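Counting the sequence shown from 1 gives a position; the numbering used here is that position plus 347.
For every residue, glycine included, the Cβ atom is placed at its ideal position computed from N, Cα and C.
In this text, all values refer to a predicted model and were calculated from it rather than measured experimentally.
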Amino acid sequence: MTHSDDLERLATAELDATDEQILRELRDLWNAVDPPPPRLTERVQFAMTVAALEAEVARIVQQGADRPAAVRSDYEQVNTVTFASESVSAMIDIEQDRAHGLRAVHGWVSETGIEVELRERHRCRRLLVDATGRFSFEQVEPGLVHFVFRPTDERGDRPVITPAIEL
Numbered sequence: 348m349t350h351s352d353d354l355e356r357l358a359t360a361e362l363d364a365t366d367e368q369i370l371r372e373l374r375d376l377w378n379a380v381d382p383p384p385p386r387l388t389e390r391v392q393f394a395m396t397v398a399a400l401e402a403e404v405a406r407i408v409q410q411g412a413d414r415p416a417a418v419r420s421d422y423e424q425v426n427t428v429t430f431a432s433e434s435v436s437a438m439i440d441i442e443q444d445r446a447h448g449l450r451a452v453h454g455w456v457s458e459t460g461i462e463v464e465l466r467e468r469h470r471c472r473r474l475l476v477d478a479t480g481r482f483s484f485e486q487v488e489p490g491l492v493h494f495v496f497r498p499t500d501e502r503g504d505r506p507v508i509t510p511a512i513e514l
């Protein structure tokens, strides 16, 4: 066998325990030397979701009752978040169930005929807004979530996706 044949055989062979050990050590080395930025995975997933949906991205216009989002501290807990886009606006109210560690999310959308999708860490839930544009999700786990608002009629509007927020 020639050197070239050996390389071809090794390149096409299944990964074995030695290969897996080398890959683990490389991963650990790069995580120590150049760790990924915080929440990189969530940001990549969000970007891929937007691209896959060809969605419009809503912006956060206000958190809480009296101060714009830009002046809040990183640790201040809010109960209300307002999102806006060209086609839809939404206000989200977050209730904390301190006894069980869960949240209830109540919201209002500026349009009727909208399906609201709540994307949590381990599940997605969908429901239709009522005739007044209201919706509610119970027993929501704390953590990063985002919403997708989809028109259910034939208007042809793109879905609207919100940035992730921490509940």
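Under 8 Å between C-beta atoms of residue i and residue j
{"i": "VAL507", "j": "ALA405", "result": "yes"}
{"i": "VAL487", "j": "LEU514", "result": "yes"}
{"i": "VAL316", "j": "ILE441", "result": "Examination of residue 316 is not possible in this model, given that the chain is present from 348 through 514 alone."}
{"i": "GLU303", "j": "ARG468", "result": "As shown, the chain starts at 348 and ends at 514. That puts residue 303 outside it, with no answer to give."}
{"i": "GLU464", "j": "CYS471", "result": "yes"}
{"i": "THR429", "j": "VAL408", "result": "yes"}
{"i": "PRO382", "j": "GLY448", "result": "no"}
Presumed contact (8 Å Cβ cut-off) between residue i and residue j, rounded CB distance
{"i": "PHE482", "j": "VAL435", "result": "About 12 Å separates the two Cβ atoms, so there is no contact after all."}
{"i": "THR459", "j": "ALA478", "result": "6 Å"}
{"i": "GLU361", "j": "GLU403", "result": "Actually they do not touch by this definition, with Cβ atoms about 45 Å apart."}
{"i": "ALA437", "j": "PHE494", "result": "7 Å"}
{"i": "GLU372", "j": "LEU491", "result": "Not really, about 31 Å apart at Cβ, beyond 8 Å."}
Opening and closing residue of the beta strand (DSSP E) in which residue i lies
{"i": "ARG505", "result": "Where ARG505 is concerned, there is no enclosing beta strand (DSSP E), given that its DSSP letter is neither H nor E."}
{"i": "LEU354", "result": "From DSSP, LEU354 is part of no beta strand (DSSP E) but of the alpha helix (DSSP H) over 350–359."}
{"i": "PRO489", "result": "Taken as a continuous stretch (DSSP letters only), PRO489 belongs to no beta strand (DSSP E), as it is neither H nor E."}
Continuous alpha helix (DSSP H) stretch holding residue i: start and end
{"i": "THR365", "result": "364–380"}
Buried or exposed (CB count within 10 angstroms, at least 16 for buried), residue i
{"i": "GLY454", "result": "buried"}
{"i": "ALA412", "result": "Unreliable positioning characterises ALA412 in this predicted model, as indicated by a pLDDT of 49, which lies under 50. The coordinate reading is nonetheless provided below. Exposed."}
{"i": "SER351", "result": "exposed"}
{"i": "ALA364", "result": "exposed"}
{"i": "GLY503", "result": "exposed"}
{"i": "ILE439", "result": "buried"}
{"i": "ALA358", "result": "exposed"}
{"i": "GLU367", "result": "exposed"}
{"i": "ALA379", "result": "exposed"}
{"i": "THR509", "result": "buried"}
{"i": "ILE512", "result": "buried"}
{"i": "ARG466", "result": "buried"}
heavy atom of the ligand FAD below 7 Å from residue i C-beta
{"i": "THR509", "result": "For the ligand FAD, the structure offers nothing, since it holds no ligand at all."}
Review point. Can you list the beta strand (DSSP E) stretches of 3 or more residues lying completely in the stretch 414–473, in chain order?
Key: Whole beta strand (DSSP E) segments, 3+ residues: 427–431, 436–444, 449–456, 461–466.
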